[in-house]
Amino acid sequence: MSFYSDPYKLFDIKGKVALVAGASGAFGAVAAKTFAGAGCRLVLAAGNAVALKGIADECRALGAEVATLNMRPDTEQSCDRMVEEATSTFGRLDILLAASGMNKVASIDEMHPDDFNAVMDANVTQSWLLARASTSRMKEQGEGGKVILMSSARGELGHPNGYTAYCASKAAINGITKALGCELGPTGITVNAIAPTVFRSPLTAWMFEDTDEAEAVRAGFLSRVPKGRLGEPEDLAGPLLFLASHASDFYTGHILHTDGGYTAG
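Mapped onto my numbering, the consecutive letters of the sequence shown carry residue numbers 1 to 265.
(1) Ignore the nearest five residues each way along the sequence and tell me which others in THR177's own chain have a CB closer than 8 Å to its CB.
(2) Measuring CB to CB, does LEU129 end up less than 7 Å from GLU85?
(3) Could you give the DSSP three-state label for PRO7: helix, strand or coil?
(4) Using three-state DSSP, classify ASN103 as helix, strand or coil.
(5) Flag this pair as touching only if the stretch 88-99 and the stretch 153-171 have three or more C-beta atom pairs under 8 Å; answer yes or no.
(6) With a threshold of 16 other CB atoms inside 10 Å of the CB of PHE3, please say whether the residue is buried or exposed.
(7) Starting from the C-beta of SER24, find all residues in its chain whose C-beta is less than 7 Å away, skip the five residues before and the five after it, and write them out in chain order.
(8) Put LEU44 into one of helix, strand or coil per three-state DSSP.
(9) List the DSSP bridge partners of LEU97.
(10) Do three or more CB pairs link the stretch 96-110 to the stretch 119-137 at distances below 8 Å?
(11) Mapping the DSSP letters down to three states, classify ILE173 as helix, strand or coil.
(12) Can you tell me the Cβ-Cβ gap for GLY144 and ILE189, rounded? I've got them flagged as a contact below 8 Å.
(13) Below 6 Å CB to CB, which residues in the same chain sit around GLY162 once its five sequence neighbours on both sides are set aside?
(14) From the DSSP output, in three-state form, read off ALA38 for me.
(15) Determine the direct distance from the alpha carbon of GLY37 to that of LEU243, and round the result to whole angstroms.
(16) With 16 as the cutoff for other CB atoms within 10 Å, does SER248 come out buried or exposed?
(17) Excluding the five sequence neighbours on either side, which residues of its own chain have a C-beta within less than 7 Å of the C-beta of ASP235, listed in chain order?
(18) Which same chain residues, not among the five before or five after ALA336, have their C-beta less than 7 Å away from its C-beta?
(19) Rounded to a whole number of angstroms, what is the C-alpha to C-alpha distance between PHE250 and PRO7?
(20) Would you list the residues sitting across from ALA195 in a DSSP beta bridge?
(21) Between GLU58 and the rest of its own chain, which residues show a CB-CB distance below 7 Å, the 5 nearest in sequence each way excluded?
(22) Considering only the alpha carbon of each residue, which of ARG81, ASP12, GLY228 and PRO233 lies closest to VAL43?
(23) In angstroms, rounded to a whole number, what distance separates the CA positions of LYS170 and ASN123?
(24) Considering just the uninterrupted stretch of the alpha helix (DSSP H) at LEU203, what are its terminal residues?
(25) Counting only beta-carbon separations shorter than 7 Å, does PRO233 have a partner in chain C?
(26) To the nearest angstrom, report how far apart GLY185 and PHE27 are at their CA atoms.
Shown next, in the form of structure tokens:
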């Protein structure tokens, strides 16, 4: 039967096993709930135990089987533990979403090298360690897999207000995505990254408010966004489902800018 008779099957990830690291963060939470609603079995990992429980409960309410690990991917051992949890609980690992990260904002003359290194470790090294552990298991399984990394519009664009560490870290994620896409192409494992701009989350909620400060900041930002609005969580759900499913089997090493056209201008 031709796939044209039911093209929606290309996006079917029901029963797949997804590991979401950084599940308590804004992007990780969107990913966890998107995968839950699509029928995935989930391993959710995060350093914030209270927030992790809340996200896990939301995913279970959507019908998902969920295992949780209260840990960050900050060592080789913790990343291996996350992969082991997926295989010991659900028998395999099909999808990795690496959303753990941080930012430290300071001008270059005021930023301590330890802070710069902390951002690079959280955003780059930990993503690399997760990809290393996950793709090793996916290669053993021999059936391909999906790796989704967390980039940003700042991976290509600078920022005038103390973002040297963050911009550098996201540019590095773009490089890892492209390099691993090339390296792992023959294995059937795809490696892609989502690069959003500002979207609604607890950290950015103030930008959506009807205050003079928010309106001024929003107006300046939106002057560079062709779509003319800030992002919503549902704007990320479609790209996540695409990159986690067979629909993206011919996409690898790709940075998907989910930004309303921000990086196009």
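Idealized CB from N, CA, C, for every residue including glycine.
With the structure as the only source:
(1) Here residue 177 refers to the residue found at position 177 when the sequence shown is read from its first residue. If we look at THR177 and ignore the five residues flanking it on each side, its Cβ neighbours are LEU149, SER151, VAL191, ASN192, ALA193, GLY253, HIS254 and ILE255.
(2) As a first step, residue 129 is located in the sequence shown; it is residue number 129 there, counting from the start. As a first step, residue 85 is located in the sequence shown; it is residue number 85 there, counting from the start. No.
(3) Sequence index remark: in the sequence shown, residue 7 carries index 7 (1-based). DSSP places PRO7 in helix when its eight states are reduced to three.
(4) The count along the sequence shown starts at 1 and reaches residue 103 at position 103. Reduced to three states, the DSSP call for ASN103 is coil.
(5) no
(6) Looking up residue 3 in the sequence shown gives position 3. Exposed, because fewer than 16 other Cβ atoms sit within 10 Å of the Cβ of PHE3.
(7) Taking the first residue of the sequence shown as position 1, residue 24 is located at position 24. These residues qualify, in order along the chain: ALA46, ASN48, ALA51, LEU52 and ILE55.
(8) As a working note, residue 44 is residue 44 in the sequence shown. Here LEU44 sits in strand by DSSP.
(9) Taking the sequence shown and counting its residues from 1, the one referred to as residue 97 is at position 97. For LEU97, which the question treats as bridged, DSSP gives the partners VAL20 and ILE148.
(10) yes
(11) By one-based count along the sequence shown, residue 173 stands at place 173. Note: ILE173 maps to helix in three-state DSSP.
(12) Residue 144 sits at position 144 when you count from the first residue of the sequence shown. Residue 189 sits at position 189 when you count from the first residue of the sequence shown. About 5 Å; that satisfies the 8 Å criterion.
(13) Locating residue 162 in the sequence shown gives position 162, counting from the first residue. Counting only Cβ-Cβ distances below 6 Å, and skipping sequence neighbours, we find VAL105, ALA106 and SER107.
(14) Here residue 38 is taken as the residue at index 38 of the sequence shown, counted from 1. If DSSP states are grouped into helix, strand and coil, ALA38 belongs with coil.
(15) Here residue 243 is taken as the residue at index 243 of the sequence shown, counted from 1. Here residue 37 is taken as the residue at index 37 of the sequence shown, counted from 1. Going by the C-alpha atoms only, they are around 16 Å apart.
(16) Counting from one through the sequence shown, the residue named residue 248 turns up at place 248. It is buried - the Cβ of SER248 has at least 16 other Cβ atoms within 10 Å.
(17) Residue mapping note: residue 235 aligns to position 235 of the sequence shown, counting from 1. Closer than 7 Å at Cβ, skipping near neighbours: PHE199 and THR258.
(18) Residue 336 is absent from the model: the chain starts at 1 and stops at 265.
(19) Taking the first residue of the sequence shown as 1, we reach residue 250 at position 250. Taking the first residue of the sequence shown as 1, we reach residue 7 at position 7. Answer to the nearest angstrom: the Cα atoms are 15 Å apart.
(20) Counting from 1 along the sequence shown, the entry for residue 195 is found at position 195. The partner list for ALA195 (beta bridge, DSSP) reads HIS257.
(21) By 1-based counting over the sequence shown, the position of residue 58 is 58. Hits under 7 Å: LYS33.
(22) As a working note, residue 43 is residue 43 in the sequence shown. Selected option, being the one with the closest Cα: ARG81.
(23) Here residue 170 is taken as the residue at index 170 of the sequence shown, counted from 1. Here residue 123 is taken as the residue at index 123 of the sequence shown, counted from 1. The straight-line gap from Cα to Cα measures roughly 7 Å.
(24) By 1-based counting over the sequence shown, the position of residue 203 is 203. Per DSSP, LEU203 belongs to no alpha helix (DSSP H) and is neither H nor E.
(25) No chain C appears in this structure, which consists of one protein chain only.
(26) Counted from its first residue, the sequence shown places residue 185 at position 185. Counted from its first residue, the sequence shown places residue 27 at position 27. Distance between the alpha carbons of GLY185 and PHE27: 26 Å.
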